[in-house]
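Asker: Let me give you the structure first, and then I'll get to my questions.
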Amino acid sequence: MQSIGEHFVLYKPKDIVSGDFYYACHTGDCVIIAVVDCTGHGVPGAFLSLVGQTALQRAVMDEKLTNPSEIMDKMNSLVKSTLKQNNEEALRDGMEVGIVHINKKTNQVEFAGATRSMMWVSKGEVKTISGDKCTVGSYQPHVTKAPITHVMNVSKGDMIYLFSDGITDQFGGASNKKIKKEIFSDLIRIQSLEMTQQKDHFETKLKNWQGSNEQTDDMVLIGFRI
Numbered sequence: 000m001q002s003i004g005e006h007f008v009l010y011k012p013k014d015i016v017s018g019d020f021y022y023a024c025h026t027g028d029c030v031i032i033a034v035v036d037c038t039g040h041g042v043p044g045a046f047l048s049l050v051g052q053t054a055l056q057r058a059v060m061d062e063k064l065t066n067p068s069e070i071m072d073k074m075n076s077l078v079k080s081t082l083k084q085n086n087e088e089a090l091r092d093g094m095e096v097g098i099v100h101i102n103k104k105t106n107q108v109e110f111a112g113a114t115r116s117m118m119w120v121s122k123g124e125v126k127t128i129s130g131d132k133c134t135v136g137s138y139q140p141h142v143t144k145a146p147i148t149h150v151m152n153v154s155k156g157d158m159i160y161l162f163s164d165g166i167t168d169q170f171g172g173a174s175n176k177k178i179k180k181e182i183f184s185d186l187i188r189i190q191s192l193e194m195t196q197q198k199d200h201f202e203t204k205l206k207n208w209q210g211s212n213e214q215t216d217d218m219v220l221i222g223f224r225i
């Protein structure tokens, strides 16, 4: 992760092992960062995460893919082949995936999401780049296309955040409800903070919201500065 520059990682498994994982790869002018949220948590989720990590590594390192949509499409075929998900009786396990490709030479960012979104903070504005309603893996005869790749021109100092749904689904607060987008309500205010300070901000906010509730799900949040 050190090769991607200024960043922080908030990683909190619900159990000893996690169904969520993150990935970063730096080759030449390209940086690829991913957050993957597998079905379930604990041992079943951890097994699926190993399948996902292997598929992601093969797509990026062996196939040399950089376009997030193409990476996800390759992951999907590899995961379905590994789990033999070729009919309605197959395992329904799947993964929600968010992938960012940064081209440092052109200052362009590409993002594709399978039920995962990306938060982008630029010039005093917060933008949510939504992913498509699909998963990597699982038998989905109604899904015929890979998620769309969104292309953005970014500026030095912009912040980008990728996260699993454990970050937004934590129950707590005065009404004991999910925190949802409230977790990201201070993005403009904290944009210029150091990475350790940003991580501390999110950890404190989640802890205060959770209160005496148990942790709802595995959590992973990556923030990085362009």
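Residues in the sequence shown are numbered consecutively from 0, following numbering that gives the first Met the number 0. The beta carbon of each residue, even a glycine, is placed where N, CA and C say it ideally should be.
For T38 versus M94, is the C-beta distance shorter than 9 Å?
Answerer: Cβ atoms of T38 and M94: closer than 9 Å.
Asker: Just the C-alpha distance for G123 and M117, rounded to the nearest angstrom, thanks.
Answerer: Straight-line Cα distance between these residues: approximately 16 Å.
Asker: Can you tell me whether DSSP reads E233 as helix, strand or coil?
Answerer: Residue 233 is absent from the model: the chain starts at 0 and stops at 225.
Asker: Helix, strand or coil for E69? Go by DSSP, reduced to three states.
Answerer: In the structure shown, E69 sits in a helix (DSSP, three-state: H, G or I).
Asker: To which residues does DSSP link Q197 through a beta bridge?
Answerer: Paired residues: none, contrary to the question.
Asker: For D36, does the count of other Cβ atoms within 10 angstroms reach 16, so buried, or fall short, so exposed?
Answerer: It counts as buried.
Asker: To the nearest whole angstrom, what separates the beta carbons of I178 and T167, a pair I think is in contact under 8 Å?
Answerer: Right, the Cβ-Cβ distance comes to about 6 Å (below 8 Å), so this counts as a contact.
Asker: Tell me which same chain residues have a C-beta within less than 6 Å of the C-beta of S48, skipping the five on either side of it?
Answerer: Correct list, in chain order: G18, F20, C37.
Asker: From this set, R115, S154, V120, T81, which residue's C-alpha is nearest I187's C-alpha?
Answerer: Out of R115, S154, V120, T81, V120 has the C-alpha closest to the C-alpha of I187.
Asker: Just tell me which of T215, L64, E181 has its CA closest to the CA of V99.
Answerer: Nearest C-alpha to V99: L64.
Asker: CB I15 to CB P67, shorter than 9 Å?
Answerer: The answer is no: Cβ separation not under 9 Å.
Asker: Compute the Euclidean distance between the alpha carbons of S129 and S211, then round it to the nearest angstrom.
Answerer: About 31 Å.
Asker: Does the separation of the CB atoms of V96 and V50 fall below 9 Å?
Answerer: No.
Asker: Can you give me the start and stop residues for the beta strand (DSSP E) that G165 sits inside?
Answerer: From DSSP, G165 is part of no beta strand (DSSP E) but of the alpha helix (DSSP H) over 164 to 167.
Asker: Buried or exposed for G156, going by 16 or more other Cβ atoms inside 10 Å?
Answerer: By the 10 Å Cβ count, G156 comes out exposed.
Asker: Do F7 and K198 have their C-beta atoms within less than 9 Å of each other?
Answerer: Yes, Cβ-Cβ distance for F7 and K198 is below 9 Å.
Asker: Report all residues from its chain with a CB closer than 6 Å to the CB of G44; omit the five preceding and five following residues, and keep chain order.
Answerer: Cβ within range, chain order: G18, C37.
Asker: What separation, rounded to the nearest whole angstrom, lies between the Cα atoms of E202 and G172?
Answerer: Distance between the alpha carbons of E202 and G172: 15 Å.
Asker: Taking buried to mean at least 16 other C-beta atoms within 10 Å of its own C-beta, is E109 buried or exposed?
Answerer: E109 comes out buried.
Asker: Mind checking whether Q196 and K13 have CB atoms under 9 Å apart?
Answerer: Going by C-beta atoms, Q196 is not nearer than 9 Å to K13.
Asker: Where does N106 sit, in a helix, a strand or coil, going by DSSP?
Answerer: N106: coil per DSSP, three-state reduction.
Asker: Keeping to the same chain, check which residues put their C-beta closer than 6 Å to that of K126; ignore five residues upstream and five downstream.
Answerer: Around K126: W119.
Asker: Just to confirm the assignment, what range does the alpha helix (DSSP H) spanning I189 have?
Answerer: Run containing I189: 186 to 189, per the alpha helix (DSSP H) assignment.
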